[in-house]
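In the numbering used here, each residue's number is its place in the sequence shown (first place is 1) plus 477.
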Amino acid sequence: MSKIFENYQRVIENIKEVCEKSGRDFSEIKVVAVSKTFPEDIIEEAFQNGIKIFGENYAQEFRRKAEHFNGRDIEWHYIGRIQTNKLKYIVPYAKLIHSVTRVEEVRKIDELSKKFGKTQDILVQMNLSGEVTKAGLKKDEINDFLNSISKYNNVKVIGLMTMAPFTSDESIIRKVFSELRKIRDELSKNYPEIKHLSMGMSNDYLIAVEEGATILRIGSAIFGEREYN
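1) List the endpoints of the continuous beta strand (DSSP E) containing GLU618.
2) Less than 7 Å separating the beta-carbons of LYS529 and ILE551?
3) Report yes if the C-beta distance between THR470 and GLU582 is below 7 Å; otherwise report no.
4) Quick check on DSSP: helix, strand or coil for VAL632?
5) According to the Cβ coordinates, are GLY613 and LEU674 closer than 7 Å?
6) For GLY532, count neighbouring Cβ atoms within 10 angstroms of its own Cβ and tell me buried if that reaches 16, exposed if not.
7) For HIS554, tell me which candidate among ILE695, GLY701, PHE700 and ILE699 has the shortest Cα-Cα distance.
8) Identify whether LYS493 lies in helix, strand or coil by the three-state DSSP scheme.
9) Excluding the 5 residues preceding and the 5 following MET638 in the sequence, name in chain order all residues of the same chain whose CB lies nearer than 6 Å to its CB.
10) If you count every other CB in all the chains shown that lies within 10 Å of the CB of ARG540, and 16 or more means buried, which is it?
11) Quick one: what's got a C-beta closer than 7 Å to TYR682's C-beta in the same chain, skipping five residues either side?
12) If you count every other CB in all the chains shown that lies within 10 Å of the CB of PHE524, and 16 or more means buried, which is it?
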């Protein structure tokens, strides 16, 4: 049996267990297998074992892999930091872009989406931990941001994304995830299409499920540890 399949099944069973305990519907949750830096043969193995949603962090690697698997039943998510000059590598292939933080990014995504005849679903990234190393909007910036991008008709905000602070203190992680859920709930009164919460990675995804995540970005718990050159 494939090690990737074993790992993936373990992740799924863990999520189902938490859903049962917390009264959530497992079908509301999407697992994105974060395949950054892993070669195409590893993605092929994952795909053959039933994984259909992959997340990538680097624009040119994202394009290369999406083109390699063109025509396959794969949903590609872009989850890395955005450079506007590299959005041309992302928009043609992305089902969802998780990491939007600037109006200029939305303007460029809109321009490219018109060119490719699509409406691009995005998430707005928020920085609720206050860490200067993390990108994202502050809580008091989100309403102005949504107002300022409302004119871009080929871009659709369907949710929010955040990254937990780098800590082993579960109460701090939970506070950030809970805060994102509260912001989503408040925004959805005026923006009913804002439904999704992308939060939780390999080390904290079960807390994220308890706090309402609908999208989990899981890499090492599925693929094993990465080896960076």
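Note that beta-carbon positions come from the ideal geometry of N, C-alpha and C, so glycine has one too.
Looking at the coordinates:
1) Walking along the sequence shown from the start, residue 618 turns up at place 141. Note, GLU618: premise wrong, no beta strand (DSSP E); not H, not E.
2) Residue numbering aside, residue 529 sits at position 52 when the sequence shown is read from its first letter. Residue numbering aside, residue 551 sits at position 74 when the sequence shown is read from its first letter. A distance below 7 Å separates the beta carbons of LYS529 and ILE551.
3) Any property of residue 470 remains undetermined from this structure, which presents the chain solely from 478 to 706.
4) Counting from 1 along the sequence shown, the entry for residue 632 is found at position 155. Looking at VAL632 - three-state DSSP - the assignment turns out to be strand.
5) Numbered from 1 along the sequence shown, position 136 holds the residue referred to as residue 613. Numbered from 1 along the sequence shown, position 197 holds the residue referred to as residue 674. For GLY613 and LEU674, no; Cβs fall outside 7 Å.
6) The residue labelled residue 532 in the question sits at position 55 within the sequence shown. Counting Cβ neighbours within 10 Å, GLY532 comes out buried, since at least 16 surround it.
7) For the purposes of this step, residue 554 is taken as residue 77 along the sequence shown, with counting starting at 1. Out of ILE695, GLY701, PHE700 and ILE699, ILE695 has the C-alpha closest to the C-alpha of HIS554.
8) Indexing the sequence shown from 1 puts residue 493 at position 16. If DSSP states are grouped into helix, strand and coil, LYS493 belongs with the helices.
9) The residue given as residue 638 occupies position 161 in the sequence shown. Once the five neighbours on either side are set aside, the close Cβ partners of MET638 are HIS575, LEU600, GLN602 and SER675.
10) The residue given as residue 540 occupies position 63 in the sequence shown. Under the 10 Å beta carbon count, ARG540 is surrounded by 16 or more other beta carbons and is classified as buried.
11) The residue you call residue 682 lines up with position 205 of the sequence shown. Excluding residues within five positions, the ones whose Cβ falls inside 7 Å are LEU693 and ILE695.
12) In the sequence shown, the residue the question calls residue 524 occupies position 47. Answer is buried; the Cβ neighbour count reaches 16.
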